[in-house]
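Read the structure below first, then the notes.
In my numbering, the protein residues as written are 12 to 224.
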């Protein structure tokens, strides 16, 4: 008699163990910082042998870079999916209401684990050329994915306006800087006064005199 569950293939098992390792590395980065994300900690969290860990990631730093990027790419898609569900459930009455929802969703993503995992690696990269070299191409790829996602979220009508590129870049850098202040000044991000300022900025750059320049 055969089982109703098909046995997993070698490729599936490999993919599963790799994902467990990446997820464990992200958790270790977020909870213990760069110094606390040791291979022993990650191995224990992932429930894999040291040989399996080294098979996938022979370098600890390359593992941590891969882990942060793995989560960041997923969160970009999750943010976009979450916004789509919100807009479907509560269709915006105009483009500005849509812009407000996009900005709120984007800001929410800066309070999630992927952001703090990235901060740990950016800080470590300042004095570690191996991490910096590994991060550089990954960050370029991630940056392109984020820009494309923001364009889709704002929609064609707003994204086609002359001021959109400036708005997109200002939102990204300003949200990142604001989020970093939560390291020493924890508060409720949902009530941060910067949200209203970002929403006003969207109207200024996309509908005001700046949009015509």
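Beta carbons: idealized from backbone N, C-alpha and C, even for Gly.
Since we're looking at a predicted model, the values are computed, not measured.
Euclidean distance between Cα positions of residue 217 and residue 209: To locate residue 217, count along the chain shown from 1; it is residue 206. To locate residue 209, count along the chain shown from 1; it is residue 198. Put simply, the backbone Cα of residue 217 is about 12 Å away from that of residue 209.
Spatial distance of residue 121 from residue 176 (CA atoms): Position 110 of the chain shown, counted from the start, is the residue given in the question as residue 121. Position 165 of the chain shown, counted from the start, is the residue given in the question as residue 176. Spanning the two alpha carbons is a distance of roughly 20 Å.
Beta-carbon gap between residue 59 and residue 28 smaller than 8 Å: Sequence index remark: in the chain shown, residue 59 carries index 48 (1-based). Sequence index remark: in the chain shown, residue 28 carries index 17 (1-based). Yes, the Cβ-Cβ distance between residue 59 and residue 28 is below 8 Å.
Residue 164 versus residue 62: straight-line alpha-carbon distance, rounded: Here residue 164 corresponds to residue number 153 of the chain shown, with the count starting at 1. Here residue 62 corresponds to residue number 51 of the chain shown, with the count starting at 1. Between residue 164 and residue 62, the C-alpha separation is close to 42 Å.
Cβ-based neighbour list, residue 131, same chain, cut-off 7 Å, excluding 5 preceding and 5 following: One-based indexing of the chain shown puts residue 131 at position 120. Contacts found: 40, 44 and 45.
Through-space distance from residue 148 to residue 116, alpha-carbon basis: Taking the first residue of the chain shown as position 1, residue 116 is located at position 105. Taking the first residue of the chain shown as position 1, residue 148 is located at position 137. Using only the alpha carbons, I get a separation of about 26 Å.
CB of residue 37 within 8 Å of CB of residue 78, strictly: Within the chain shown, the letter at position 26 stands for residue 37. Within the chain shown, the letter at position 67 stands for residue 78. In this structure, residue 78 lies closer than 8 Å to residue 37 by Cβ.
Option nearest residue 203 by Cα separation, candidates 190, 124, 134 and 107: Counted from its first residue, the chain shown places residue 203 at position 192. Nearest of 190, 124, 134 and 107 to residue 203, Cα basis: 190.
CA-to-CA distance, residue 91 to residue 160, given in whole angstroms: Within the chain shown, the letter at position 149 stands for residue 160. Within the chain shown, the letter at position 80 stands for residue 91. Going by the C-alpha atoms only, they are around 7 Å apart.
Distance, residue 53 Cα to residue 13 Cα: If you number the chain shown from 1, residue 13 lands on position 2. If you number the chain shown from 1, residue 53 lands on position 42. Low confidence applies to residue 13: its pLDDT is 46, below 50, so where it sits in the model is not reliable enough to give any reading.
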